[in-house]
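To start, the structure itself, in structure tokens.
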Amino acid sequence: AKEETARQVRQAETMVPKGRLAEAQEEARLLQEEIARLRQLVERMVPRTQLAVAEAEAEQLRRLAEGMVPQAELERLRERIAAMVPRGDVDARDAEIAGLKGA
3 AKEETARQVR QAETMVPKGR LAEAQEEARL LQEEIARLRQ LVERMVPRTQ
53 LAVAEAEAEQ LRRLAEGMVP QAELERLRER IAAMVPRGDV DARDAEIAGL
103 KGA
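Those letters in the sequence shown? Residues 3 to 105, by the numbering used here.
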């Protein structure tokens, strides 16, 4: 009987209330979900050096784009320039017209 009592005491010392077990199981489940979420996040990430290279390339492209105009706008400007005549030609024509009027 003493041995049985001693065994029961040892067993009781290692036991926890059922509520604590349920809490621990729920906490373990939540931790597993968090681990899975973090694993997915890490898989979608890129090394910091790769990010820095991409950001530097993007900044370089932004700087290049600042001094550029769309191709269509460039073509319109070329057409306008092609349709123009030198200012001296206009002044000479105006002088010629003025001379004809004065004659």
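We put the CB at the ideal spot given by N, CA and C, even for glycine.
N-terminal and C-terminal residue of the alpha helix (DSSP H) that residue i is part of
i	result
Gly69	Counting along the chain, Gly69 falls outside any alpha helix (DSSP H), and DSSP gives it neither H nor E.
Ala26	20–46
Coil, strand or helix - residue i by DSSP
i	result
Val55	helix
Val92	helix
Val11	helix
Ala3	coil
Ala97	helix
Ala85	coil
Distance cut-off 7 Å: residue i Cβ against heavy atoms of the ligand ATP
i	result
Gly21	The ligand ATP is absent from the structure shown, which contains no ligand whatsoever.
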